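I have placed the structure first, in the form of structure tokens, so that the comments after it can refer back to it.
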Amino acid sequence: MSEQDHDRVERELSLLIRQARTLMVTSASTVHAGLELSAYATLRLLDTEGPLRASTIGERFALDKSTVSRQLSRLIDWGLVERTPDPSDGRAHLVAITPTGHARLTGVSQQRKGEIRRLLEQWDEKDVAEFGRLLELFNHSNS
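The sequence shown lines up with residues 1 to 143 when you count with the UniProt record's numbering.
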């Protein structure tokens, strides 16, 4: 690959990251005004993986215990997550998304998918499929 091709990939990837961050900020504020990006990511993680310990959330996102605790407190206050006893360890708690949290994430996800469809509606179907394949290849190249 030429230097020019590398530069183009880096430039376009930087733009994609900025656009994705803007989309995530909008999504987070749609779920709840004032919701921080890392708390939004926590909510999505809980929705995808189910109940987790706060320590596991901290490890996944490389956040310190106090940051996770503060974010979880807000999410609990807003009714988006709840703490439940850990059945495998009575001294510990799990954090789970509530039906309200799940419903809000689902609504945001549907909006986001609609926006992506709108952005790609003028594309040829083969190009959309190839774009998805290439993004997947890129995203899993470090796995």
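Think of the CB as a built atom: it goes at the ideal place given N, C-alpha and C, for glycine as much as any other residue.
All figures in this text were calculated on a predicted structure; none of them were measured in a lab.
The beta strand (DSSP E) runs of length 3 or more contained entirely in the UniProt domain "HTH marR-type" (6-140) are, from start to end of the chain, 81-86, 89-97. A Cβ-Cβ separation of about 15 Å leaves Arg112 out of contact with Leu35 under the 8 Å criterion. A distance below 7 Å between beta-carbons, with the five flanking residues on each side excluded, links Leu63 to the following residues of its chain, in chain order: Ser38. Cβ atoms of Leu94 and Thr106 stay farther apart than 8 Å, at about 21 Å.
The C-beta distance from His6 to Leu80 rounds to 41 Å, too long to meet the 8 Å contact threshold.
By the 16-neighbour rule on beta-carbons within 10 angstroms, Ala103 is exposed. The residues Ile76, Ala96, Thr98, in chain order, have a CB closer than 7 Å to that of Glu82 in the same chain once the five nearest residues on each side in sequence are set aside. Here Val68 is buried. Its C-beta has 16 or more other C-beta atoms within 10 Å. Its Cα nearest to that of Leu45, the residue Leu72 stands out among Lys65, Leu72, Ser29.
In this structure, the beta-carbon distance from Ala92 to Arg60 does not fall below 8 Å.
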